[in-house]
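Position 219 of the sequence shown, counting from 1, maps to 219 under my numbering, and the rest follow consecutively.
Ideal Cβ placement from N, Cα and C applies to all residues, glycine included.
Bear in mind that the values here come from a model prediction, so they are computed numbers and not experimental data.
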Amino acid sequence: MSRAVTVGLDGSRESMAAAAWAADEARLRKLPLGLLHAWDLGPDVHTPLIGPDVRPHWAERMPRKAAERIHTTHPGLEVRTAHRCGEPATVLCRAAEDSELLVLGSRGLGGLAGAVVGSVALSVVARTRRPVVLVPVAEPEPARSGSGSGVSHGIVLGIDLARPCDEVLDFAFAHARRHGAALRVLHSWSPPPLHGVRPTAATPVVASGVTAAKEAALTEFLEPWRRKYSTIPVTVRCRAGRAAHDLVEAARAADLVVVGRRTRRSPVGSRIGSVVHAVLQHSPAPVAVIPHA
(Lines of atoms letter the chains of each structure in order from A; the text may use other names.)
(Lines give C-alpha, C1' and ligand atoms only; values in the text may rest on other atoms or scores of the structure.)
Protein backbone atom coordinates (compact mmCIF):
# COMPACT_ATOMS: atom_id res chain seq x y z
CA MET A 1 0.00 0.00 0.00
CA SER A 2 1.35 3.45 -0.95
CA ARG A 3 2.48 5.77 1.81
CA ALA A 4 0.02 8.65 1.98
CA VAL A 5 0.29 12.36 2.50
CA THR A 6 -1.46 12.54 5.88
CA VAL A 7 -3.16 15.60 7.32
CA GLY A 8 -4.27 16.00 10.92
CA LEU A 9 -7.80 17.38 11.32
CA ASP A 10 -9.21 19.08 14.40
CA GLY A 11 -12.14 21.02 12.94
CA SER A 12 -10.34 24.38 12.83
CA ARG A 13 -9.98 26.63 9.79
CA GLU A 14 -6.26 25.95 9.93
CA SER A 15 -6.70 22.19 9.63
CA MET A 16 -9.06 22.70 6.68
CA ALA A 17 -6.37 24.84 5.01
CA ALA A 18 -3.87 22.08 5.75
CA ALA A 19 -6.21 19.53 4.13
CA ALA A 20 -6.46 21.63 0.96
CA TRP A 21 -2.66 22.06 0.83
CA ALA A 22 -2.12 18.34 1.44
CA ALA A 23 -4.60 17.41 -1.29
CA ASP A 24 -2.66 19.47 -3.84
CA GLU A 25 0.59 17.88 -2.69
CA ALA A 26 -0.83 14.34 -2.79
CA ARG A 27 -2.05 14.88 -6.34
CA LEU A 28 1.36 16.14 -7.47
CA ARG A 29 3.14 13.26 -5.75
CA LYS A 30 0.59 10.76 -7.15
CA LEU A 31 -0.05 9.49 -3.63
CA PRO A 32 -3.21 8.89 -1.59
CA LEU A 33 -4.39 11.55 0.84
CA GLY A 34 -4.97 10.47 4.44
CA LEU A 35 -7.38 12.47 6.62
CA LEU A 36 -6.87 11.72 10.31
CA HIS A 37 -8.74 13.09 13.31
CA ALA A 38 -7.08 12.40 16.66
CA TRP A 39 -9.26 12.91 19.71
CA ASP A 40 -8.99 12.21 23.40
CA LEU A 41 -11.40 12.31 26.31
CA GLY A 42 -10.36 15.79 27.43
CA PRO A 43 -12.23 19.00 26.62
CA ASP A 44 -12.38 19.95 22.94
CA VAL A 45 -11.49 23.62 22.33
CA HIS A 46 -13.36 23.66 19.01
CA THR A 47 -16.56 21.87 20.09
CA PRO A 48 -16.76 22.44 23.88
CA LEU A 49 -20.50 21.71 24.11
CA ILE A 50 -20.23 18.18 22.73
CA GLY A 51 -20.47 15.51 25.42
CA PRO A 52 -18.15 12.50 25.62
CA ASP A 53 -20.89 10.16 24.38
CA VAL A 54 -21.23 12.19 21.16
CA ARG A 55 -17.50 12.65 20.53
CA PRO A 56 -17.00 9.31 18.71
CA HIS A 57 -19.73 10.28 16.24
CA TRP A 58 -18.09 13.63 15.55
CA ALA A 59 -14.67 11.99 15.35
CA GLU A 60 -15.91 9.82 12.49
CA ARG A 61 -17.92 12.60 10.85
CA MET A 62 -15.09 15.15 10.69
CA PRO A 63 -12.74 13.30 8.30
CA ARG A 64 -15.70 11.98 6.30
CA LYS A 65 -17.04 15.49 5.67
CA ALA A 66 -13.55 16.73 4.83
CA ALA A 67 -13.18 13.87 2.33
CA GLU A 68 -16.45 14.86 0.64
CA ARG A 69 -15.12 18.39 0.23
CA ILE A 70 -11.79 17.15 -1.14
CA HIS A 71 -13.56 14.92 -3.68
CA THR A 72 -15.30 17.97 -5.16
CA THR A 73 -12.04 19.89 -5.61
CA HIS A 74 -9.76 16.94 -6.43
CA PRO A 75 -11.81 14.36 -8.35
CA GLY A 76 -9.97 11.11 -8.81
CA LEU A 77 -7.70 11.57 -5.80
CA GLU A 78 -7.67 8.56 -3.49
CA VAL A 79 -8.73 9.75 -0.03
CA ARG A 80 -8.45 7.64 3.12
CA THR A 81 -10.15 8.62 6.36
CA ALA A 82 -9.42 7.56 9.92
CA HIS A 83 -10.06 8.64 13.49
CA ARG A 84 -8.11 7.59 16.54
CA CYS A 85 -8.75 8.06 20.22
CA GLY A 86 -5.61 9.01 22.10
CA GLU A 87 -3.29 11.85 22.99
CA PRO A 88 -3.27 13.86 19.70
CA ALA A 89 0.49 14.45 19.41
CA THR A 90 1.21 10.75 20.01
CA VAL A 91 -1.43 9.64 17.49
CA LEU A 92 -0.08 12.06 14.88
CA CYS A 93 3.53 10.99 15.44
CA ARG A 94 2.56 7.36 14.89
CA ALA A 95 0.70 8.31 11.72
CA ALA A 96 3.73 10.26 10.50
CA GLU A 97 5.92 7.16 10.66
CA ASP A 98 3.72 5.46 8.07
CA SER A 99 3.31 8.57 5.88
CA GLU A 100 5.35 10.19 3.16
CA LEU A 101 4.54 13.57 4.68
CA LEU A 102 2.50 14.85 7.64
CA VAL A 103 0.61 18.13 7.22
CA LEU A 104 -0.86 20.12 10.12
CA GLY A 105 -2.68 23.42 10.47
CA SER A 106 -0.86 26.27 12.18
CA ARG A 107 -2.25 29.29 13.99
CA GLY A 108 1.13 30.79 14.76
CA LEU A 109 0.72 33.37 17.52
CA GLY A 110 -3.09 33.31 17.49
CA GLY A 111 -5.31 33.42 20.56
CA LEU A 112 -5.89 30.85 23.27
CA ALA A 113 -7.12 28.15 20.91
CA GLY A 114 -4.11 28.84 18.72
CA ALA A 115 -1.79 28.24 21.66
CA VAL A 116 -3.43 24.86 22.27
CA VAL A 117 -3.24 23.84 18.62
CA GLY A 118 0.30 25.16 18.45
CA SER A 119 1.38 23.04 21.39
CA VAL A 120 0.28 19.87 19.61
CA ALA A 121 1.96 20.88 16.35
CA LEU A 122 5.21 21.82 18.09
CA SER A 123 5.20 18.56 20.03
CA VAL A 124 4.78 16.58 16.80
CA VAL A 125 7.55 18.53 15.05
CA ALA A 126 9.88 17.94 17.99
CA ARG A 127 9.21 14.20 18.25
CA THR A 128 8.74 12.79 14.76
CA ARG A 129 11.52 11.72 12.42
CA ARG A 130 9.38 12.35 9.35
CA PRO A 131 8.93 15.63 7.40
CA VAL A 132 6.13 17.84 8.74
CA VAL A 133 4.52 20.81 6.98
CA LEU A 134 2.64 23.41 9.02
CA VAL A 135 0.07 25.37 7.02
CA PRO A 136 -1.46 28.68 8.17
CA VAL A 137 -4.75 30.03 6.87
CA ALA A 138 -3.96 31.88 3.64
CA GLU A 139 -4.51 35.63 3.73
CA PRO A 140 -5.81 37.59 0.73
CA GLU A 141 -3.02 38.49 -1.70
CA PRO A 142 -3.65 42.08 -2.92
CA ALA A 143 -0.09 43.03 -1.95
CA ARG A 144 1.36 40.55 -4.46
CA SER A 145 0.83 42.71 -7.51
CA GLY A 146 0.49 40.80 -10.74
CA SER A 147 0.12 37.46 -8.99
CA GLY A 148 -2.82 35.28 -9.82
CA SER A 149 -4.27 32.03 -8.67
CA GLY A 150 -1.95 29.11 -9.22
CA VAL A 151 1.14 31.29 -9.70
CA SER A 152 4.19 30.05 -7.83
CA HIS A 153 6.07 32.53 -5.68
CA GLY A 154 9.03 30.25 -5.11
CA ILE A 155 10.49 28.09 -2.38
CA VAL A 156 12.74 29.45 0.38
CA LEU A 157 15.40 27.15 1.82
CA GLY A 158 17.20 28.08 5.02
CA ILE A 159 20.71 26.62 5.18
CA ASP A 160 23.06 26.32 8.14
CA LEU A 161 26.51 26.08 6.55
CA ALA A 162 27.92 24.58 9.74
CA ARG A 163 25.52 21.59 9.54
CA PRO A 164 24.09 21.20 6.02
CA CYS A 165 22.37 17.90 5.32
CA ASP A 166 21.17 16.00 2.28
CA GLU A 167 17.64 15.37 3.59
CA VAL A 168 16.78 19.07 3.76
CA LEU A 169 18.34 19.89 0.40
CA ASP A 170 16.71 16.97 -1.36
CA PHE A 171 13.28 17.88 0.01
CA ALA A 172 13.58 21.52 -1.07
CA PHE A 173 14.94 20.80 -4.56
CA ALA A 174 12.44 17.99 -5.21
CA HIS A 175 9.55 20.17 -4.03
CA ALA A 176 10.66 23.03 -6.27
CA ARG A 177 10.89 20.72 -9.28
CA ARG A 178 7.53 19.14 -8.53
CA HIS A 179 5.86 22.57 -8.37
CA GLY A 180 7.83 24.19 -11.18
CA ALA A 181 9.10 26.81 -8.74
CA ALA A 182 12.31 28.76 -8.28
CA LEU A 183 14.42 28.10 -5.19
CA ARG A 184 15.91 30.83 -3.00
CA VAL A 185 18.65 29.62 -0.68
CA LEU A 186 19.27 31.80 2.38
CA HIS A 187 22.13 31.72 4.85
CA SER A 188 22.35 34.33 7.61
CA TRP A 189 25.37 34.61 9.84
CA SER A 190 26.03 36.52 13.03
CA PRO A 191 29.06 38.82 13.08
CA PRO A 192 31.49 38.35 15.97
CA PRO A 193 30.94 40.66 18.96
CA LEU A 194 32.72 44.00 18.72
CA HIS A 195 35.42 44.81 21.21
CA GLY A 196 35.76 48.31 22.61
CA VAL A 197 33.33 51.18 22.90
CA ARG A 198 33.00 51.96 19.17
CA PRO A 199 33.04 49.71 16.14
CA THR A 200 36.10 50.29 13.98
CA ALA A 201 35.93 51.60 10.45
CA ALA A 202 37.16 48.23 9.23
CA THR A 203 34.02 46.41 10.51
CA PRO A 204 31.94 46.87 7.31
CA VAL A 205 34.89 45.71 5.23
CA VAL A 206 35.30 42.61 7.40
CA ALA A 207 31.57 41.84 7.23
CA SER A 208 31.59 42.21 3.46
CA GLY A 209 34.55 39.87 3.17
CA VAL A 210 32.95 37.23 5.40
CA THR A 211 29.69 37.45 3.42
CA ALA A 212 31.54 37.01 0.12
CA ALA A 213 33.45 34.00 1.48
CA LYS A 214 30.31 32.37 2.82
CA GLU A 215 28.43 32.99 -0.40
CA ALA A 216 31.27 31.37 -2.38
CA ALA A 217 31.27 28.36 -0.02
CA LEU A 218 27.51 28.00 -0.27
CA THR A 219 27.57 28.28 -4.07
CA GLU A 220 30.22 25.57 -4.24
CA PHE A 221 28.29 23.36 -1.82
CA LEU A 222 25.10 23.68 -3.90
CA GLU A 223 26.79 22.91 -7.21
CA PRO A 224 26.08 19.12 -7.18
CA TRP A 225 22.43 19.80 -6.33
CA ARG A 226 22.10 22.34 -9.11
CA ARG A 227 23.47 19.78 -11.56
CA LYS A 228 21.07 17.11 -10.27
CA TYR A 229 18.10 19.49 -10.51
CA SER A 230 19.30 21.42 -13.53
CA THR A 231 15.88 22.79 -14.51
CA ILE A 232 15.35 24.69 -11.24
CA PRO A 233 16.31 28.38 -11.07
CA VAL A 234 18.39 28.85 -7.91
CA THR A 235 19.45 32.08 -6.24
CA VAL A 236 21.80 32.31 -3.26
CA ARG A 237 21.79 34.97 -0.60
CA CYS A 238 24.23 35.28 2.31
CA ARG A 239 24.10 38.16 4.73
CA ALA A 240 24.97 39.18 8.26
CA GLY A 241 21.73 39.04 10.19
CA ARG A 242 19.34 36.92 12.22
CA ALA A 243 18.33 33.70 10.51
CA ALA A 244 14.78 33.55 11.87
CA HIS A 245 14.05 37.19 11.00
CA ASP A 246 15.45 36.83 7.48
CA LEU A 247 13.51 33.63 6.82
CA VAL A 248 10.23 35.13 8.02
CA GLU A 249 10.79 38.18 5.81
CA ALA A 250 11.53 35.94 2.83
CA ALA A 251 8.40 33.90 3.61
CA ARG A 252 6.20 36.90 2.78
CA ALA A 253 6.85 36.20 -0.90
CA ALA A 254 7.12 32.41 -0.80
CA ASP A 255 4.91 29.36 -1.27
CA LEU A 256 6.91 27.29 1.20
CA VAL A 257 9.79 27.71 3.63
CA VAL A 258 12.02 24.66 4.16
CA VAL A 259 14.14 24.34 7.29
CA GLY A 260 16.02 21.50 8.94
CA ARG A 261 15.76 20.25 12.51
CA ARG A 262 18.48 18.22 14.17
CA THR A 263 17.10 15.15 15.89
CA ARG A 264 18.16 15.06 19.54
CA ARG A 265 18.14 12.14 21.92
CA SER A 266 18.14 14.23 25.07
CA PRO A 267 14.80 13.94 26.89
CA VAL A 268 15.12 17.49 28.26
CA GLY A 269 15.39 20.88 26.64
CA SER A 270 14.09 22.16 23.33
CA ARG A 271 14.29 19.70 20.46
CA ILE A 272 13.18 22.15 17.80
CA GLY A 273 15.74 24.93 17.96
CA SER A 274 15.16 28.65 18.36
CA VAL A 275 15.29 29.45 14.63
CA VAL A 276 12.80 26.76 13.61
CA HIS A 277 10.53 27.66 16.52
CA ALA A 278 10.49 31.35 15.54
CA VAL A 279 9.85 30.57 11.86
CA LEU A 280 6.96 28.26 12.76
CA GLN A 281 5.38 30.94 14.93
CA HIS A 282 5.75 33.87 12.55
CA SER A 283 5.92 32.64 8.94
CA PRO A 284 2.92 33.67 6.81
CA ALA A 285 3.75 30.82 4.40
CA PRO A 286 3.64 27.07 5.03
CA VAL A 287 6.80 25.73 6.68
CA ALA A 288 8.32 22.31 6.04
CA VAL A 289 10.48 20.99 8.89
CA ILE A 290 12.84 18.22 7.84
CA PRO A 291 14.48 16.21 10.64
CA HIS A 292 18.05 15.08 10.17
CA ALA A 293 20.89 13.61 12.23
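What's the C-alpha gap between residue i and residue j?
i           : j           : result
residue 217 : residue 76  : 46 Å
residue 251 : residue 260 : 16 Å
residue 238 : residue 220 : 13 Å
residue 131 : residue 64  : 25 Å
residue 33  : residue 212 : 44 Å
residue 93  : residue 138 : 25 Å
residue 289 : residue 258 : 6 Å
residue 246 : residue 188 : 7 Å
residue 158 : residue 124 : 21 Å
residue 74  : residue 27  : 8 Å
residue 58  : residue 37  : 10 Å
residue 155 : residue 279 : 14 Å
residue 3   : residue 206 : 50 Å
residue 233 : residue 181 : 8 Å
residue 119 : residue 164 : 27 Å
residue 78  : residue 106 : 25 Å
residue 175 : residue 60  : 32 Å
residue 244 : residue 23  : 28 Å
residue 89  : residue 9   : 12 Å
residue 91  : residue 98  : 12 Å
residue 121 : residue 70  : 23 Å
residue 204 : residue 169 : 31 Å
residue 11  : residue 214 : 45 Å
residue 230 : residue 285 : 26 Å
residue 186 : residue 127 : 26 Å
residue 82  : residue 7   : 11 Å
residue 14  : residue 179 : 22 Å
From the DSSP output, in three-state form, read off residue i for me.
i           : result
residue 157 : strand
residue 334 : Outside the modelled stretch of the chain, which goes from 1 to 293, sits residue 334, for which no answer is possible.
residue 295 : Residue 295 cannot be examined here, being either before or after the span of the chain that is shown, 1 to 293.
residue 87  : coil
residue 262 : strand
residue 92  : helix
residue 114 : Here the model assigns residue 114 a pLDDT of 38, short of 50, so the residue's position is not dependable, and the following value carries that caveat. DSSP places residue 114 in helix when its eight states are reduced to three.
residue 209 : helix
residue 272 : coil
residue 31  : coil
residue 75  : coil
residue 291 : strand
residue 214 : helix
residue 98  : coil
residue 219 : helix
residue 232 : coil
residue 2   : coil
residue 162 : coil
residue 67  : helix
residue 278 : helix
residue 181 : coil
residue 250 : helix
residue 138 : coil
Look up residue i in the DSSP assignment and give the residues it is bridged to.
i           : result
residue 8   : 36
residue 187 : 238
residue 103 : 7, 133
residue 256 : 155
Could you tell me how far apart the beta carbons of residue i and residue j are, in whole angstroms, since I believe they sit closer than 8 Å?
i           : j           : result
residue 101 : residue 5   : 5 Å
residue 222 : residue 236 : 7 Å
residue 66  : residue 19  : 5 Å
residue 282 : residue 248 : 5 Å
residue 172 : residue 183 : 6 Å
residue 80  : residue 35  : 7 Å
Could you confirm whether any beta carbon from chain D is found closer than 8 Å to the beta carbon of residue i?
i           : result
residue 226 : In the displayed structure, chain D is absent; only one protein chain is listed.
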